[in-house]
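Numbering (our numbering), first residue to last: 156 to 451.
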């Protein structure tokens, strides 16, 4: 005959099982809620920019601020394109980005191959010293760089932006070096036995196997160069030489800011960045993970 204690025993053994099953579900739900809250928090400035682009000056300065425009001012977008030489700034940014990306891929891949495979005297201390430049803020080196550019005669020239960006990218060298360290050394040894030179190995073996890293580096360099505001602000003086971020700053007057046209121009300027990032975000994540896990 079953007693009360024997009938209650299954309840005591079943309850912990239910709790153990619910615990991972509750943890996952809490994690997803936290991620959604963080995503909404980061999305808020972008949404506010888009909505402000459809407001006039009165609505932009309204206190307390109103979320939705009333009425919607659609002419801010065409007026922002015609108020300033936006087309010229787009062209300047596009060709600067193209030259910097191609030059960075070339110089960084050659330097990375030298640091990864060529054992020359002082290679490791020199590489560590080169990486240490990543910890120096750009604002610290801008004054000596400005003096050098002035002596060369590159002030108010795009060369003052292109050349330092293409030659002094320590992160690019580090990223590609990690990829090269993951390439089997036996491939190069076999090529050397066949009489291949370092340049032939670099061109026919390293570069083809380095395509994932080069693609990720191209995307990261594009994003950094397109959004660069500080360097053009220092070196460029003529409006015809301005890039897109520098031109957008012209919507700020001495006593007021035209928020509607500024946000409309910003929304137009961010389109290439969004397209490149959406298309290449997988390559960025995979390359950064690979760079951290491979090599020494």
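All C-beta atoms in this analysis are idealised placements derived from N, C-alpha and C, irrespective of residue type, glycine included.
With distances taken between CA atoms, residue 213 lies nearest to 226 out of 203, 205, 226.
Between the alpha carbons of residue 379 and residue 435 lies a gap of roughly 14 Å.
The residues 311, 397, 401, in chain order, have a CB closer than 7 Å to that of residue 391 in the same chain once the five nearest residues on each side in sequence are set aside.
Taking every protein chain shown into account, the CB of residue 320 has 16 or more other CB atoms within 10 angstroms, so this residue is buried. Within the DSSP bridge table, the entry for residue 358 names no partner.
Within the stretch 223-299, complete alpha helix (DSSP H) segments of at least 4 residues are found at 231-238, 241-272, 278-287, given in chain order. In this structure, the alpha-carbon of residue 261 lies about 35 Å from that of residue 236. In the structure shown, residue 221 adopts coil according to DSSP, grouped into three states.
For residue 425, there is no enclosing alpha helix (DSSP H), as DSSP marks it with neither H nor E. Counting only residues of its own chain and dropping the five nearest sequence neighbours on each side, residue 231 has a CB closer than 7 Å to the CB of 208, 209, 415, 416, 419. Judged by their CB atoms, residue 316 and residue 386 are nearer to each other than the 8 Å cut-off. In this structure, residue 372 keeps its C-beta atom at 8 Å or more from the C-beta atom of residue 266. Counting along the chain, residue 214 sits inside the alpha helix (DSSP H) bounded by residues 212-215.
Every unbroken stretch of the alpha helix (DSSP H) spanning 4 or more residues and falling wholly within the stretch 377-427 is given here in chain order: 385-390, 399-403, 414-424. For residue 330 against residue 368, the beta-carbon gap comes to about 6 Å, under 8 Å, which counts as contact. Contact annotation: the stretch 265-279 touches the stretch 331-338, with at least three C-beta pairs closer than 8 Å. In the three-state scheme derived from DSSP, where H, G and I count as helix and E and B as strand, residue 313 is classed as coil. Note that the C-beta distance between residue 259 and residue 376 is below 8 Å. Bounds of any alpha helix (DSSP H) do not take in residue 338, whose DSSP letter is neither H nor E. Of the residues 430, 406, 438, 412, the one whose Cα lies closest to the Cα of residue 241 is 406.
Nearest in C-alpha terms to residue 255, of all of 318, 394, 186, is 318. Residue 356 sits buried, since 16 or more C-beta atoms from the chains shown fall within 10 Å of its C-beta. Residue 193 carries a helical assignment under DSSP once its states are collapsed to helix, strand and coil. Taken through DSSP and simplified to helix, strand or coil, residue 320 comes out as helix. About 18 Å separates the beta carbons of residue 233 and residue 206, which is beyond the 8 Å limit, so they are not a contact pair.
Excluding sequence positions up to five before and after residue 184, its CB lies less than 6 Å from no other CB in the same chain. By the neighbour-count definition (other C-beta atoms within 10 Å, threshold 16), residue 289 is an exposed residue.
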